[in-house]
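Presented below is the structure to which this report refers.
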Amino acid sequence: MVLAKAGRDKGKHFIIIGRIDENYVWIANGRTRSIDKPKKKKIKHLEAKPHVVYNVREKILSGKKVFDAELRKSLEALGYEQ
Numbered sequence: 001m002v003l004a005k006a007g008r009d010k011g012k013h014f015i016i017i018g019r020i021d022e023n024y025v026w027i028a029n030g031r032t033r034s035i036d037k038p039k040k041k042k043i044k045h046l047e048a049k050p051h052v053v054y055n056v057r058e059k060i061l062s063g064k065k066v067f068d069a070e071l072r073k074s075l076e077a078l079g080y081e082q
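Heads up: the sequence shown begins at 1 in UniProt numbering, then just goes up one per residue.
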């Protein structure tokens, strides 16, 4: 779980769905950024939040399909509504 600190998505919460290298990650929130078209974002432009969405994490690690609705529900359940 991260908060975008810079760019067009500033102030919005996202879930990291993949890591590109030591400087970049893929982020999505199920609304403005879908799981099929995630945003490539520099790590230095993100602020980490103390939450881990374990159901999404396990699906990503096991290679299962993650749906946008799961991302939206997870963000809403943690109080990060967009």
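Ideal placement from N, C-alpha and C gives every residue a C-beta, glycine not left out.
Compute the beta-carbon to beta-carbon distance between residue i and residue j, rounded to the nearest angstrom, for a pair I have assumed lies under 8 Å.
i, j, result
"residue 47", "residue 78", "Going by Cβ atoms, the distance from residue 47 to residue 78 rounds to 15 Å, so no, they are not a contact pair."
Going by CA-CA distance only, name the one from the options that's closest to residue i.
i, options, result
"residue 11", "76, 40, 45, 72", "45"
"residue 22", "64, 8, 43, 69", "43"
"residue 19", "57, 9, 73", "57"
"residue 60", "16, 41, 7", "16"
Specify the secondary structure class of residue i as computed by DSSP and reduced to three states.
i, result
"residue 4", "strand"
"residue 24", "strand"
"residue 15", "strand"
"residue 10", "coil"
Report the partner residues of residue i according to the DSSP bridge assignment.
i, result
"residue 61", "Looking at the DSSP assignment, residue 61 forms no beta bridge with any residue, so it has no partner."
"residue 47", "3"
"residue 37", "Bridge partners of residue 37: none, in fact."
"residue 73", "Beta-bridge pairing links residue 73 to no other residue."
Could you tell me whether any Cβ in chain D is nearer than 7 Å to the Cβ of residue i?
i, result
"residue 1", "Included in the structure is just one protein chain, with no chain D present."
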